[in-house]
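Enquirer: Structure incoming, see below.
2 protein chains.
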Amino acid sequence: MSVERSIAIFSPGLLGGSLVKTIQQRMPGVEVRVWARRDEAVEEVKNLFPNVVASTDLAAVIQGASLALLCMPIQYMPGIARQMVACDLADDLIVTDVGSVKGQVVAELEPIFQPSKAGFLGSHPMAGSQHTGLAHSRGDLFHQAACILTPTGQTKTGHLGRLRTFWQKLGCRIQEMTPQQHDHCVARISHLPHCMAVLTTLAALKQDKRVLDSSAGGFRDTTRVAGGDPDMWAGILMQNRAEVVSSLQDAASVLLELVEMLQTMDEEALRRFLAQAKALRDLLPAV
Amino acid sequence: MSVERSIAIFSPGLLGGSLVKTIQQRMPGVEVRVWARRDEAVEEVKNLFPNVVASTDLAAVIQGASLALLCMPIQYMPGIARQMVACDLADDLIVTDVGSVKGQVVAELEPIFQPSKAGFLGSHPMAGSQHTGLAHSRGDLFHQAACILTPTGQTKTGHLGRLRTFWQKLGCRIQEMTPQQHDHCVARISHLPHCMAVLTTLAALKQDKRVLDSSAGGFRDTTRVAGGDPDMWAGILMQNRAEVVSSLQDAASVLLELVEMLQTMDEEALRRFLAQAKALRDLLPAV
Numbered sequence: 001m002s003v004e005r006s007i008a009i010f011s012p013g014l015l016g017g018s019l020v021k022t023i024q025q026r027m028p029g030v031e032v033r034v035w036a037r038r039d040e041a042v043e044e045v046k047n048l049f050p051n052v053v054a055s056t057d058l059a060a061v062i063q064g065a066s067l068a069l070l071c072m073p074i075q076y077m078p079g080i081a082r083q084m085v086a087c088d089l090a091d092d093l094i095v096t097d098v099g100s101v102k103g104q105v106v107a108e109l110e111p112i113f114q115p116s117k118a119g120f121l122g123s124h125p126m127a128g129s130q131h132t133g134l135a136h137s138r139g140d141l142f143h144q145a146a147c148i149l150t151p152t153g154q155t156k157t158g159h160l161g162r163l164r165t166f167w168q169k170l171g172c173r174i175q176e177m178t179p180q181q182h183d184h185c186v187a188r189i190s191h192l193p194h195c196m197a198v199l200t201t202l203a204a205l206k207q208d209k210r211v212l213d214s215s216a217g218g219f220r221d222t223t224r225v226a227g228g229d230p231d232m233w234a235g236i237l238m239q240n241r242a243e244v245v246s247s248l249q250d251a252a253s254v255l256l257e258l259v260e261m262l263q264t265m266d267e268e269a270l271r272r273f274l275a276q277a278k279a280l281r282d283l284l285p286a287v
Numbered sequence: 001m002s003v004e005r006s007i008a009i010f011s012p013g014l015l016g017g018s019l020v021k022t023i024q025q026r027m028p029g030v031e032v033r034v035w036a037r038r039d040e041a042v043e044e045v046k047n048l049f050p051n052v053v054a055s056t057d058l059a060a061v062i063q064g065a066s067l068a069l070l071c072m073p074i075q076y077m078p079g080i081a082r083q084m085v086a087c088d089l090a091d092d093l094i095v096t097d098v099g100s101v102k103g104q105v106v107a108e109l110e111p112i113f114q115p116s117k118a119g120f121l122g123s124h125p126m127a128g129s130q131h132t133g134l135a136h137s138r139g140d141l142f143h144q145a146a147c148i149l150t151p152t153g154q155t156k157t158g159h160l161g162r163l164r165t166f167w168q169k170l171g172c173r174i175q176e177m178t179p180q181q182h183d184h185c186v187a188r189i190s191h192l193p194h195c196m197a198v199l200t201t202l203a204a205l206k207q208d209k210r211v212l213d214s215s216a217g218g219f220r221d222t223t224r225v226a227g228g229d230p231d232m233w234a235g236i237l238m239q240n241r242a243e244v245v246s247s248l249q250d251a252a253s254v255l256l257e258l259v260e261m262l263q264t265m266d267e268e269a270l271r272r273f274l275a276q277a278k279a280l281r282d283l284l285p286a287v
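Okay, here's the thing in structure tokens:
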């Protein structure tokens, strides 16, 4: 039996919808409730998940929940958290999020819940898609995904263990970092690749998009994530801007090295440079 | 019935091997011969393709062929072409290649065949993989791939039409460009994405490769081609260095724009920048 009795999901997009599907599959008997801002979104949830309680009434959704997951864009989280803490919360409530940036989120949300018996603890399941919205949600989105938890000195007793158990039941591999380590790590492994896909698309096609007629798998894969939602990604990159800028500066520096090798025709150095990248990329297990 | 009677393939790697498989599937009745530099490679070909004549004897392989395909790294092509032209060549022989760079290749190879009745005409099927070697060859590698042909004022009568027909039978969509237009186009759509995948890998992992434990699909896809063969890619990038440097300089310039938006916290400009990339990337049909 699950230690969670009732799970409240705030905002039914790709991640929120995939959470509902996965919890229903993997945690039978646990009640799931969904809060959405708009009536239309509530109707969509009710149509897709007939067994789920869905409402625009935040107080009704959070009442009695043992776990609440914030799945809206990061910038809206503090406002929702302040509405939440004014409600009647269960003593054992853990509030977490699924946001891609942690430093600022944890710094803002943790103090909001500090005076209550509930507590905030950040989560970041490394799962997503260039597609967004409830319609793209999947029951296998979290399967074998890394999920980073970001406990702090203020994290309440028992919360870390319960949250680990929850994400593990959903199929995730758990990692723990401070919010700052998290932001450094995901800038390198997620935000930088996103930026590079965007830059590759622009540099390849801005002058003349007809070159697209000759494209093959290399262009397709290298630029796939540039099809992601611009509003969501503008929020993420802006929130993590210091770490993102630092990783982009490292990319600019290796770019200049590469240009230098080509201009001086140093084929031997170029071969070593490409071999170093290959050795690093080959560390990733094949799927 | 095919207009080609006997097709000679020089070097049985990923592309050479995939050519043998595809020709056997799609052009039944056409003789296929394979030349390899090493005895071991000849044996490997004979084991994989019992109906194919394979030899290290270049003169024997080219004799009577109506089409010869050069599939070795670009830098070895002129040497092989000079050995070829000293042999007994059929009057209707078309020599082509599958190399990723055309300006220098065409400038070197076309004059070698000019005095003979045979003629050179460049081809570039936009098909490949991060994996190389005969063992990875596939009968569907060319299916719906773009294939760029690079005729010049010296291209002999009838050769362009025959070569179009050949690649179409293999499943390719044909494009025609000058060798210079080709090198500009593939620098943007293929060589730049390759470089960006390499740079993303290095900038993400050089400092601390443990961030790889948190990687997801974005890093995987954006960096996939960085696993390609360093020797082959050093040759390609070096041969097309002027166009590659120019596209890298464009990438550096959009990179600096992005850093500037983040540093000045211009979220509105960032959103437009990401939306522009998304609009361009969305032009690519979904697979």
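Read top to bottom, the protein sequences are chains Z and Y. Residue numbers for the first sequence follow UniProt numbering, so the first one is 1 and each next one is one higher. Residue numbers for the second sequence follow UniProt numbering, so the first one is 1 and each next one is one higher. Ideal placement from N, C-alpha and C gives every residue a C-beta, glycine not left out.
1. Does the beta-carbon of Z:Arg38 have 16 or more other beta-carbons within 10 angstroms, so that it is buried, or is it exposed?
2. If you measure from the beta carbon of Y:Arg241 to each beta carbon in chain Z, is any gap under 8 Å?
3. Given a cut-off of 8 Å on the beta-carbon distance, is the pair Y:Ser18 and Y:Ser123 in contact?
4. Which two residues bound the contiguous alpha helix (DSSP H) that contains Z:Thr165?
5. Give a yes or no on whether 8 Å exceeds the smallest Cβ distance from Y:Thr157 to chain Z.
6. Compute the Euclidean distance between the alpha carbons of Z:Arg90 and Z:Gly158, then round it to the nearest angstrom.
7. Does the distance from the CB of Z:Thr222 to the CB of Y:Ala197 come in under 8 Å?
8. How far does the alpha helix (DSSP H) with Y:Thr201 in it extend, from its first residue to its last?
9. Roughly how many angstroms lie between the CA atoms of Z:Thr132 and Z:Val98, to the nearest whole one?
10. Quick check: is the beta carbon of Z:Trp35 nearer than 8 Å to any beta carbon in chain Y?
11. In the DSSP assignment, the beta strand (DSSP E) including Y:His143 goes from what residue to what residue?
12. With three or more C-beta pairs closer than 8 Å as the rule, is the region 178 to 189 of chain Z touching the region 150 to 167 of chain Y?
13. When burial is assigned at 16 or more other CB atoms within 10 Å of the CB, is Y:Arg210 buried or exposed?
14. List the residues of chain C whose Cβ lies closer than 7 Å to the Cβ of Z:Pro230, in chain order.
15. Establish whether the CB of Y:Gly122 and some CB of chain Z are separated by less than 8 Å.
16. Taking Z:Leu262 and Y:Met238 to be in contact with their CB atoms under 8 Å, please state how far apart those CB atoms are, rounded to whole angstroms.
17. Output yes if chain Z places a C-beta closer than 8 Å to the C-beta of Y:Trp233; else output no.
18. So which residues of chain Z does Y:Val244 contact, with C-beta pairs closer than 7 Å?
19. Mind checking who Z:Leu58 pairs with in its DSSP beta bridge?
20. Should Z:Asp282 be flagged as near chain Y, meaning a C-beta pair shorter than 8 Å?
21. Which of helix, strand or coil does DSSP assign to Z:Gln175?
22. What is the DSSP secondary structure of Y:Leu284, reduced to helix, strand or coil?
23. Could you please give the first and the last residue of the uninterrupted beta strand (DSSP E) stretch that includes Z:Ser123?
24. Among the candidates Z:Ser129, Z:Gly217, Z:His194, whose CA atom is the shortest distance from the CA of Y:His143?
25. Is it the case that the Cβ atoms of Z:Ser6 and Z:Arg33 are separated by a distance below 8 Å?
26. Determine, using beta-carbon pairs with one atom in the region 224 to 238 of chain Y and one in the region 224 to 241 of chain Z, whether at least three such pairs fall under 8 Å.
27. Grouping DSSP H, G and I as helix and E and B as strand, with all else coil, what is Z:Glu4?
28. I want to verify the contact list: residues of chain Y whose CB lies under 8 Å from the CB of residue 293 of chain Z, in sequence order.
29. If you draw a straight line from the alpha carbon of Z:Pro115 to that of Z:Gln154, how long is it in whole angstroms?
30. When burial is assigned at 16 or more other CB atoms within 10 Å of the CB, is Y:Gly171 buried or exposed?
31. Taking the CB atoms as reference points, tell me whether Y:Ile236 and Y:Val95 lie closer together than 8 Å.
32. Per DSSP, Y:Phe10 forms a beta bridge with which residues?
33. If you run the structure through DSSP and keep just helix, strand and coil, what is Y:Val186?
34. Of all the options Y:Glu40, Y:Glu110, Y:Ser11, which has the alpha carbon lying nearest to the alpha carbon of Y:Val61?
35. Can you tell me whether Y:Val101 is helix, strand or coil according to DSSP?
36. So, at 7 Å on beta carbons, what are the nonlocal neighbours of Y:Gln130 in its own chain, with the 5 sequence-adjacent residues on each side left out?
Expert: A quick look at the data gives this:
1. exposed
2. Output row for Y:Arg241: interface = yes.
3. Cβ atoms of Y:Ser18 and Y:Ser123: not closer than 8 Å.
4. 159 to 169
5. no
6. It should be pointed out that residue 90 of chain Z corresponds to Ala in this sequence rather than to Arg. Spanning the two alpha carbons is a distance of roughly 15 Å.
7. In this structure, Z:Thr222 places its C-beta atom within 8 Å of the C-beta atom of Y:Ala197.
8. 192 to 205
9. Straight-line Cα distance between these residues: approximately 14 Å.
10. no
11. From DSSP, Y:His143 is part of no beta strand (DSSP E); its letter is neither H nor E.
12. Judged by pairs of C-beta atoms under 8 Å, the region 150 to 167 of chain Y does not touch the region 178 to 189 of chain Z, as fewer than three such pairs exist.
13. The residue is exposed, with fewer than 16 neighbouring Cβ atoms inside 10 Å.
14. No chain C appears in this structure, whose protein chains are Z and Y.
15. Answer no: the Cβ-Cβ gap between Y:Gly122 and chain Z never drops below 8 Å.
16. 7 Å
17. yes
18. Leu262
19. Answer by DSSP bridge pairing: none, since Z:Leu58 is not bridged.
20. Yes, contact with chain Y.
21. strand
22. Assigned with DSSP and collapsed to three states, Y:Leu284 falls in coil, not helix or strand.
23. 122 to 125
24. Z:Gly217
25. yes
26. no
27. coil
28. Residue numbering for chain Z in the displayed model covers 1 to 287; residue 293 of chain Z lies beyond these limits and cannot be assessed.
29. Their backbone Cα atoms lie some 12 Å apart in a straight line.
30. buried
31. The answer is no: Cβ separation not under 8 Å.
32. DSSP lists Y:Trp35, Y:Leu70 as partners of Y:Phe10.
33. helix
34. Y:Ser11
35. Coil at Y:Val101, not helix or strand.
36. Arg224, Val225, Gly227, Gly228
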